[in-house]
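Heads up: the structure comes next, in structure tokens.
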Amino acid sequence: GHTIGDELLLAVGARLRQCLREGDTLARLGGDEFAVLLPTLVSRSDVDHICRKVIQVLSKPVYIKGHEIYISVSIGACVAPEDGDLIDGLIRQAEIAMYQAKSQGRSRLQFWESGMQAPYSERMTIESDLRRALARNEFVLFYQPQVDTATGEVRGFEALLRWWHPQRGLLTPVDFVAVAEESGVIVPIGDWVLRQAATQMAEWQKAGLPPVRLSVNISARQLESPDFVEGVLRAVQVYSLDGNLLELEITESLLMQDFEANAIKLGRLSASGIRLAIDDFGTGYCSFKYLARFPIHTLKIDQSFVQDLDREENISIVNAMVAMGRGMNLNVIAEGVETEAQRARLEQMQCHEVQGYYYSSPLSGQEATALLGEHVRGFAKAGNLAAS
100 GHTIGDELLL AVGARLRQCL REGDTLARLG GDEFAVLLPT LVSRSDVDHI CRKVIQVLSK
160 PVYIKGHEIY ISVSIGACVA PEDGDLIDGL IRQAEIAMYQ AKSQGRSRLQ FWESGMQAPY
220 SERMTIESDL RRALARNEFV LFYQPQVDTA TGEVRGFEAL LRWWHPQRGL LTPVDFVAVA
280 EESGVIVPIG DWVLRQAATQ MAEWQKAGLP PVRLSVNISA RQLESPDFVE GVLRAVQVYS
340 LDGNLLELEI TESLLMQDFE ANAIKLGRLS ASGIRLAIDD FGTGYCSFKY LARFPIHTLK
400 IDQSFVQDLD REENISIVNA MVAMGRGMNL NVIAEGVETE AQRARLEQMQ CHEVQGYYYS
460 SPLSGQEATA LLGEHVRGFA KAGNLAAS
């Protein structure tokens with residue numbers, strides 16, 4: 100909760116002070132950002148040395164109230180007078196360099212360079228718009244059906260985030276999620292997605308529609324958040340949901356970023372009945388040995404393999420993925436299915452479900468509700484439900 104978050108910030112501040120000299124200045128700028136003033140240093144190599152020490156110290160886990168928390172730090176640095184001599188300008192340049200460091204991965208250091216200004220301005224515009232978008236309710240969820248490969252029955256939906264930008268129109272995550280992730284805005288956005296998905300599930304339940312899974316994508320920042328598990332469990336409780344119908348999708352590479360901590364968090368969610376799926380399976384580096392350590396229910400085969408199912412090499416790879424998933428009693432879903440030939444090949448492989456434009460583009464909440472109703476009516480005479 101907020102208490103753990105506050106204590107984590109205090110712990111980070113204490114570790115930062117350990118890395119500094121007498122006479123250095125440490126200040127918190129807001130959120131999870133800190134500024135450090137290092138006077139009397141002779142060269143950039145001196146700055147580099149201190150920054151590397153900070154990265155090393157902050158890479159060690161923090162223990163708060165029984166929680167083992169891993170963090171990473173991105174550092175932007177500038178040097179006076181080479182980069183300027185006005186404090187406001189230097190802070191802005193260090194901030195620009197910090198965002199550049201974030202874009203390069205975890206635990207990076209980047210010194211200010213003059214060419215960083217233009218892309219930063221665009222990034223700041225997007226970040227500012229993102230923060231306003233939450234307050235103005237500009238986000239919306241669409242729902243893409245996940246369909247039984249053999250029967251065509253709707254088994255679930257994946258909730259997909261879209262942004263109705265007032266100037267740029269309907270945007271997909273590829274247009275903004277990197278900035279949201281880097282800035283931390285992805286955490287409140289992710290909370291909104293979870294609440295909105297829970298609201299939709301409750302509406303389907305109230306309307307008497309058959310229960311179907313609803314999958315929600317989880318970002319790295321969300322998974323790292325101390326509030327993550329409690330937030331998910333709270334949504335299930337508040338909306339009186341069946342946890343078995345909520346599925347959280349986490350990419351293969353994300354699972355491995357902090358293996359032990361993620362295994363504990365996901366274990367708590369699974370113990371509460373919530374389903375877990377590995378998204379984009381086959382694109383990361385999760386070995387079968389580690390895969391078995393996570394309480395996974397579903398494997399989602401990445402669309403890059405499905406789109407080339409006419410190649411013998413990909414046929415063998417996908418066939419092996421399906422066989423492995425079935426052998427582990429996991430539900431296997433193939434993403435990006437666009438043709439009957441792909442669907443037929445996947446049915447032949449005994450892939451449980453498929454998702455893609457062959458069946459349906461992402462639907463609005465109203466369209467998804469209508470689809471469920473149509474399937475119920477269409478299959479009722481035969482004694483079946485299209486959604487189950």
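Plus 99 on top of the position in the sequence shown (first one is 1) and you've got our numbering.
Positions of the beta carbon are idealized from the N, C-alpha and C atoms, including for glycine.
Exclusion of the five residues before and after Thr382 leaves Asp401 as the residues of its chain whose Cβ lies within less than 6 Å of its Cβ. Closest by C-alpha distance to Leu137, out of Asp131, Gly122, Leu128, is Gly122.
CA-CA distance, Ser463 to His474, rounds to 17 Å. Residue pairing by DSSP puts Leu347 in a beta bridge opposite Val315, Leu375. Judged by DSSP in its simplified three-state form, Thr139 adopts coil rather than helix or strand. For Glu167, the enclosing beta strand (DSSP E) covers residues 166-168. CA-to-CA, the gap between Lys399 and Val141 works out to about 53 Å.
Runs of the beta strand (DSSP E) spanning 3 or more residues and lying entirely within the region 439-476 do not occur at all. Under the 10 Å beta carbon count, Val161 is surrounded by 16 or more other beta carbons and is classified as buried. Note that the region 221-228 does not touch the region 243-251; fewer than 3 beta-carbon pairs, one per stretch, sit closer than 8 Å. Secondary structure at Phe393: coil, using DSSP grouped into helix, strand and coil.
Residue environment for Asn361: buried (at least 16 other C-beta atoms within 10 angstroms of its C-beta). A distance below 8 Å separates the beta carbons of Leu322 and Leu353. For the region 150-236, the full-length alpha helix (DSSP H) segments reaching 4 residues or more read 186-202, 216-234 along the chain. Of the candidates Val311, Glu212, Leu185, the residue whose Cα lies closest to the Cα of Ala176 is Glu212. Per the coordinates, the alpha-carbon of Lys159 lies some 19 Å from the alpha-carbon of Asp147. Put simply, the region 357-373 touches the region 326-342. At least three CB pairs are less than 8 Å apart. Per DSSP, the unbroken alpha helix (DSSP H) holding Leu293 starts and ends at 285-305.
Judged by DSSP in its simplified three-state form, Asn430 adopts strand. Counting of Cβ neighbours within 10 angstroms places Glu302 among the exposed residues, the total staying below 16. In the structure shown, Phe275 adopts coil according to DSSP, grouped into three states.
Between Val405 and Val417, the gap from beta carbon to beta carbon is short of 8 Å. Close CB contacts of Ile190 within its chain, under the 7 Å cut and outside five residues either way in sequence, are with Ala134 (chain order).
Contact between Ala467 and Phe256 holds, with the beta-carbon distance rounding to 6 Å and staying under 8 Å.
Thr248 sits close to Glu446, with the two beta carbons spaced by under 8 Å. Residue range 358-370 is occupied by the alpha helix (DSSP H) that includes Leu365. Here Asp145 is exposed, its C-beta having fewer than 16 other C-beta atoms within 10 Å. Val311 is the residue among Leu107, Gln117, Val311, Ser403 whose C-alpha sits nearest the C-alpha of Leu471. In this structure Ser173 touches Arg207 by the C-beta definition: roughly 6 Å separates them, less than 8 Å. If you look at Ala258, you'll find it in the beta strand (DSSP E) that goes 253-264. Shown here, Gly330 sits in a helix according to DSSP, grouped into three states. In this chain, Gln402 is not harboured by any beta strand (DSSP E); it is covered by the alpha helix (DSSP H) spanning 402-405.
For the pair Phe275 and Trp291, the CB atoms are not nearer than the 8 Å cut-off. Restricting attention to Gln441, Ile395, Ser171, the CA atom closest to the CA of Asn430 is found in Ile395.
Counting C-beta atoms within 10 angstroms of its own C-beta, Phe358 has fewer than 16 neighbours from the protein chains shown and is therefore classed as exposed.
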